[in-house]
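> The opening position of the sequence shown corresponds to residue 1 in the UniProt record's numbering, with each subsequent residue numbered one higher.
Let me give you the structure first, and then I'll get to my questions.
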Amino acid sequence: MSVMVARKKVVRKWEKLPGRNTFCCDGRIMMARQKGIFYLTLFLILGTCALFFAFECRYLAVQLSPAIPVFAAVLFLFAMATLLRTSFSDPGVIPRALPDEAAFIEMEIEATNGTVPQGQRPPPRIKNFQINNQIVKLKYCYTCKIFRPPRASHCSICDNCVERFDHHCPWVGNCVGKRNYRYFYLFILSLSLLTIYIFTFNIVYVALKSLKIGFLNTLKETPGTYPSMSLTVLTVLEVLICFFTLWSVVGLTGFHTFLVALNQTTNEDIKGSWTGKNRVQNPYSHGNIVKNCCEVLCGPLPPSVLDRRGILHQEESTAQEGSCPRRPSMQEPPATQGPGQAQEAHSVLSLQVPAPSVSDTELPEEKQQTPGELPVPSLDAGRAEH
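Now the structure itself:
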């Protein structure tokens, strides 16, 4: 006969999280779904550095100093580590409200605003919050069904509310928020230094080669041998990549350095939250560049509130073929049992083994107990005791 067996299937919470994110390594890596430009970033960094280490570094280490490739390797490893840390981490996604929480918030909003007549636009869902004697508005997110915390915003690409949302960066393949902004800043800072470093020593490499045989003769060399090919093709390619990357990366680093000094985000700067017509002062700024930099780059890093690797139990029913189990055999109670234990064993056995049908006249009459009278053990119980 077929028997339905319920088994518990282990499901991680990241498999059921809403939003448009992708997860790898059992939820340990979290990224946006659009990762094409991120792969282009990896290709440009790895390709340029590979050419530099394979060709120019070998010549410069012999002609100038062996410390040149060492310092370049340190910058490269630091830039790659901060890039991966920015791309693979939770930027500070805020969980969406549960159905019960969303219903409770709706009840609060209706109780506050009252019933809105048909045809009229409902009032905006906003709560006022005071920070450092400054009124800050908390806006309601219709997708996540929550009032967003201060400085949080909803990312339209990842479809999540992110705490201290700065911007969505396609070059790193992730949002930049409270939990990964410091790593993003360190990444663009180290990448700027690495780009300047490679660009500078590429020029030095061309200058040293030109001093020996002349600049025009160097460019006229026919590719084919190792030195000429690296100079005419690969070095020029590296110089072009570094030249066009230099302006964007260095300019981006300077812009974010300005924001860090003011304790401001890109989203707030674009919207003009603290520099608009109202001329509202930034309540998050300490009025000191050093304090602002320490808070943004050296402050405590909050843990992720998503619990991506938490376990959700889901029951699934499966049909199994099997025979009917045999009826357990009647066993006598041990001789060491007392009267009370013998009665319990007798009652258990009476549930397992069907008793023969008897008439009402054959049933023994039981003596009714009066209040306060102790029960008298039966004769069968006494026999079992002896």
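Note that beta-carbon positions come from the ideal geometry of N, C-alpha and C, so glycine has one too.
Got a sec? Which residues, its chain only, sit under 6 Å from Leu-186 by beta carbon, not counting five neighbours each side?
If we look at Leu-186 and ignore the five residues flanking it on each side, its Cβ neighbours are Thr-82.
> Three-state secondary structure (DSSP) at Val-305?
The answer is coil: DSSP assigns Val-305 none of H, G, I, E or B.
> Could you tell me the alpha carbon to alpha carbon distance between Tyr-197 and Cys-57, rounded to whole angstroms?
Answer to the nearest angstrom: the Cα atoms are 12 Å apart.
> May I have the straight-line CA-CA distance separating residue 420 from Pro-170, to the nearest angstrom?
The shown model of the chain, from 1 to 386, leaves out residue 420, and the question about it has no answer.
> Would you report the Cα separation of Gly-254 and Asn-288, rounded to the nearest angstrom?
Cα to Cα, the separation comes out at about 18 Å.
> Can you name, in chain order, every residue of its own chain whose Cβ lies under 6 Å from the Cβ of Arg-164, other than the five neighbours on each side?
Same-chain partners within the cutoff: Arg-151, Gly-177 and Lys-178.
> Comparing the CB of Pro-283 with every heavy atom of the ligand FMN, is any distance shorter than 7 Å?
Absent from the structure shown: the ligand FMN. Ligands present: none.
> Give the DSSP-derived three-state secondary structure of Thr-318 in the structure shown.
In this predicted model, Thr-318 has a pLDDT of only 47, less than 50, meaning its place in the structure is not dependable; the value taken from the coordinates is given anyway. Strand at Thr-318.
> Going by beta carbon distance, what residues of the same chain come within less than 7 Å of Tyr-205, once the five residues before and after it are set aside?
Within the same chain, Tyr-205 has close Cβ partners Glu-56, Tyr-59, Leu-60 and Thr-235.
> Can you name, in chain order, every residue of its own chain whose Cβ lies under 7 Å from the Cβ of Leu-208, other than the five neighbours on each side?
Excluding residues within five positions, the ones whose Cβ falls inside 7 Å are Gln-63.
> Tell me, to the nearest whole angstrom, how far the beta carbon of Arg-308 is from that of Tyr-183; I am working on the premise that it is less than 8 Å.
With a Cβ gap of about 18 Å, Arg-308 and Tyr-183 do not count as contacting.
> Quick one: give me the first and last residue of the alpha helix (DSSP H) that Phe-53 is part of.
Careful: Phe-53 lies outside any alpha helix (DSSP H) and carries neither H nor E.
> Assign Arg-28 to one of two classes, buried (16 or more other C-beta atoms within 10 Å of its C-beta) or exposed (fewer than that).
Counting Cβ neighbours within 10 Å, Arg-28 comes out exposed, since fewer than 16 surround it.
> For Trp-274 and Tyr-284, I'd like the C-alpha separation in whole angstroms.
Their Cα atoms are separated by approximately 10 Å.
> Expressed to the nearest angstrom, what Euclidean distance is found between the alpha-carbon atoms of Ser-248 and Phe-258?
Rounded to whole angstroms, Ser-248 to Phe-258 spans 15 Å at the Cα level.
> To the nearest angstrom, report how far apart Ala-103 and Lys-145 are at their CA atoms.
Distance between the alpha carbons of Ala-103 and Lys-145: 9 Å.
> Compare the beta carbon distance of Thr-143 and Asp-159 with 8 Å and say whether it is the shorter of the two.
Contact: yes.
> Would you give the residue range spanned by the beta strand (DSSP E) that Val-176 belongs to?
Residues 174-176.
> Between Cys-25 and Ile-94, how many whole angstroms is the CB-CB distance? I'm expecting something under 8 Å.
With 8 Å as the limit, Cys-25 and Ile-94 do not qualify as a contact, their Cβ atoms being about 23 Å apart.
> DSSP on His-256, reduced to helix/strand/coil?
Here His-256 sits in helix by DSSP.
> How should residue 389 be labelled, buried or exposed, when 16 other C-beta atoms within 10 angstroms of its C-beta is the threshold for buried?
In this structure the chain extends from 1 to 386, so residue 389 is not present and cannot be described.
> Is Leu-83 close to chain D, meaning its C-beta is less than 8 Å from at least one C-beta of that chain?
The question asks about chain D, but that chain is absent: this structure has only one protein chain.
> Can you tell me where the alpha helix (DSSP H) holding Leu-138 begins and where it ends?
That residue, Leu-138, is in no alpha helix (DSSP H); its beta strand (DSSP E) goes 134-141.
> What does DSSP give as the partner residue(s) for Gln-130 in the beta ladder?
Answer is Ile-135, bridged to Gln-130.
> Going by the DSSP bridge assignment, what does Tyr-12 pair with across the sheet?
Checking the sequence, you will find Arg at residue 12 rather than Tyr. In DSSP, Arg-12 forms a bridge with Ile-311.
> Quick one: what's got a C-beta closer than 8 Å to Ile-37's C-beta in the same chain, skipping five residues either side?
Pro-170, Trp-171 and Gly-173, listed in sequence order.
> How long is the line joining the alpha carbons of Cys-155 and Lys-35, rounded to whole angstroms?
Their backbone Cα atoms lie some 16 Å apart in a straight line.
> Give me the Cα-Cα distance between Gly-299 and Lys-291, rounded to the nearest whole angstrom.
When rounded, the distance between both Cα atoms is 10 Å.
> I think Ile-109 touches Ala-97, with their Cβ atoms under 8 Å apart; what is that distance to the nearest whole Å?
Wrong, their Cβ atoms sit about 12 Å apart, outside the cutoff.
> What residue range is occupied by the uninterrupted beta strand (DSSP E) comprising Cys-24?
21-24 is the extent of the beta strand (DSSP E) around Cys-24.
> Verify whether the separation of the beta carbon atoms of Thr-48 and Ile-188 is less than 8 Å.
No.
> Is DSSP giving Ile-157 helix, strand or coil here?
Looking at Ile-157 - three-state DSSP - the assignment turns out to be coil, as it is neither helix nor strand.
> Look up Ala-32 in the DSSP assignment and give the residues it is bridged to.
Bridge partners of Ala-32: Asn-21.
> Which same chain residues end up closer than 6 Å to Cys-175 when comparing Cβ atoms and leaving out the 5 residues on each side of it in sequence?
Around Cys-175: Pro-91, Cys-155, Cys-158, Val-162 and His-168.
> Give the straight-line distance between the Cα atoms of Arg-33 and Pro-66, rounded to the nearest whole angstrom.
Rounded to the nearest angstrom, the two C-alpha atoms are 42 Å apart.
> What are the residues that DSSP puts in a beta bridge with Val-93?
DSSP lists Val-162 as partners of Val-93.
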